[in-house]
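Undergrad:
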Amino acid sequence: MPKFQRYANLGAVVLPFIAFLVAVPLLWNKAVGWVDLTILIVMYFITGLGITVGYHRLLTHRAFQTSKPVEYFFAIAGSMAVQGPPIAWVADHRLHHAHTDVEGDPHSPHLGEGSGLKGLWHAHTGWLMKTQGGAEFRKYAPDLCEDKGMRWISRNFLWFVGLSLLIPFVAGFVLHGFSLSAALWTLLWAGFVRIFFIHHVTWSINSVCHFFGRRRFDVEDKSTNVAWLALPTFGESWHHNHHAFPRSARQGLGRFEVDISAMVIWAMEKVGLAHNVVRISPERQKEKLVGATRPAKSPAAA
Ligand SMILES: [Zn+2]
Ligand SMILES: [Zn+2]
Numbered sequence: 004m005p006k007f008q009r010y011a012n013l014g015a016v017v018l019p020f021i022a023f024l025v026a027v028p029l030l031w032n033k034a035v036g037w038v039d040l041t042i043l044i045v046m047y048f049i050t051g052l053g054i055t056v057g058y059h060r061l062l063t064h065r066a067f068q069t070s071k072p073v074e075y076f077f078a079i080a081g082s083m084a085v086q087g088p089p090i091a092w093v094a095d096h097r098l099h100h101a102h103t104d105v106e107g108d109p110h111s112p113h114l115g116e117g118s119g120l121k122g123l124w125h126a127h128t129g130w131l132m133k134t135q136g137g138a139e140f141r142k143y144a145p146d147l148c149e150d151k152g153m154r155w156i157s158r159n160f161l162w163f164v165g166l167s168l169l170i171p172f173v174a175g176f177v178l179h180g181f182s183l184s185a186a187l188w189t190l191l192w193a194g195f196v197r198i199f200f201i202h203h204v205t206w207s208i209n210s211v212c213h214f215f216g217r218r219r220f221d222v223e224d225k226s227t228n229v230a231w232l233a234l235p236t237f238g239e240s241w242h243h244n245h246h247a248f249p250r251s252a253r254q255g256l257g258r259f260e261v262d263i264s265a266m267v268i269w270a271m272e273k274v275g276l277a278h279n280v281v282r283i284s285p286e287r288q289k290e291k292l293v294g295a296t297r298p299a300k301s302p303a304a305a
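In this text, residue positions in the sequence shown follow the numbering used here: the first is 4, and each later residue adds one.
(1) Look at the alpha carbon of W124 and the alpha carbon of F181, and state the distance between them as a whole number of angstroms.
(2) Measure the alpha-carbon distance for V45 versus F248 and round it to whole angstroms.
(3) Using a Cβ-Cβ distance under 9 Å, would G180 count as near chain B?
(4) Who's in the neighbourhood of ligand 1, going by beta-carbon under 6 Å from any heavy atom, listed in chain order?
(5) Quick check on P171: buried or exposed, where buried means 16 or more other Cβ atoms within 10 Å of its Cβ?
(6) How long is the line joining the alpha carbons of G122 and I79, rounded to whole angstroms?
(7) Are the CB atoms of V261 and P235 nearer to each other than 9 Å?
(8) Would you kindly check if the distance between the Cβ of V293 and the Cβ of F214 is under 9 Å?
(9) In this structure, what does DSSP give as the bridge partners for W241?
(10) Bridge partners for L292 per DSSP, in chain order?
(11) Near W192, which residues of its chain fall below 8 Å by C-beta distance, leaving aside the five closest residues on each side in sequence?
(12) Just to confirm the assignment, what range does the alpha helix (DSSP H) spanning E202 have?
(13) Using beta-carbon positions only, say whether P19 and H202 come within less than 9 Å of one another.
(14) Within the present structure, is the beta-carbon of H278 separated from the nearest heavy atom of ligand 2 by less than 8 Å?
(15) Could you tell me if the beta carbon of T134 falls within a distance shorter than 8 Å of some heavy atom in ligand 2?
(16) From V280 to A66, what does the alpha carbon distance come to, in whole angstroms?
(17) With DSSP run on the structure shown, which of helix, strand or coil describes V110?
(18) Mark L131 as exposed unless 16 or more other C-beta atoms lie within 10 angstroms of its C-beta, in which case mark it buried.
(19) By DSSP, does H179 sit in helix, in strand, or in coil?
Below, the structure is given as structure tokens:
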């Protein structure tokens, strides 16, 4: 990884963390208002779904199809989550699926650093200073590399990072009656603190969801389902289900496995914005359950 990229990534990790550390003590002294919290939540949804529905299910796994403008909208929304340009994110994530928890995985908690706390740190944040953006774009994201619009969005990633901060600032400025100082508070909460949350929630998929939690399918990696992360990750923490059926538009396969991203894709399908939505039949799911592959008793033995 080039030095400047390592420092840029370090800054992208540390700045929102400092903002979080500053904002929380401030919250104790002067409670944050509903205007700032609402902008934070709206921005969290836009950028979070940009990652889960856009970067992940649409661009990486092609779990559904949509029009080019909708693809670009999600690629821009995902860029505003400040996790790297779409082409780099998709290539890294496809590399993760190609070598899950074995040599070559860019962010497994079970490789290199050992399976303990060091491994968890590597999968959560450490990999951003080592292996992030290392997957060969032409090999792992040839479809995006051939797309002129996607190349443009990836090239202009930093502008969308700026937009991710400008939108809350302007919204705060207008909604607080054109007050510059109030707009700076909005920028702190709905800009930096929101980026802190979306970062760590997403990275929990790489760390927590390959370490703690439950498993039920016969897959060789160490992916897990983590129920308490289902709401903030918009359904991505049903990560073991996802590794069992990577192309499935729905990752919360069980009846009570809430999956907000799948609901969004479902709603998009209803209004004609998504088609060819990939669904996994109950039979296919059953066949992949642990123990389901044992040879059945032959009729002669019964
Ligand atoms: Zn994984
Ligand atoms: Zn995936």
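From the three backbone atoms N, C-alpha and C, an ideal C-beta is built for every residue, glycine too. All values reported here derive from a predicted model rather than from experimental measurement.
TA: Reading from the atomic positions:
(1) Each residue's Cα considered, the two are about 42 Å apart.
(2) If you take the alpha carbons of V45 and F248, they lie about 30 Å apart.
(3) In the structure shown, chain B does not exist; there is a single protein chain.
(4) Counting only heavy atoms of ligand 1, the residues whose C-beta sits closer than 6 Å to one of them are, along the chain, H99, T103, H213, S226, H242, H246.
(5) Result: buried.
(6) Each residue's CA atom was taken as its position, placing G122 and I79 some 31 Å apart.
(7) It is not a contact, given that the beta carbons lie outside the stated cut-off.
(8) For F214 and V293, no; Cβs fall outside 9 Å.
(9) Beta-bridge partners assigned by DSSP to W241: N228.
(10) BP columns for L292 point to F220.
(11) Taken in chain order, the residues that qualify are A26, V35, D39, L40, I42, L43, P171.
(12) According to the sequence provided, residue 202 is His. The question's Glu does not apply to it. That run of the alpha helix (DSSP H) goes 197-209.
(13) For P19 and H202, yes; Cβs fall inside 9 Å.
(14) Outside the cutoff, so no.
(15) For T134, the distance from the CB to the nearest heavy atom of ligand 2 is not below 8 Å.
(16) Answer to the nearest angstrom: the Cα atoms are 6 Å apart.
(17) As written in the sequence, residue 110 is His, which differs from the Val given in the question. For H110, the three-state secondary structure derived from DSSP is coil.
(18) The residue in question, L131, is buried, as its Cβ has 16 or more Cβ neighbours within 10 Å.
(19) Note: H179 maps to coil in three-state DSSP.
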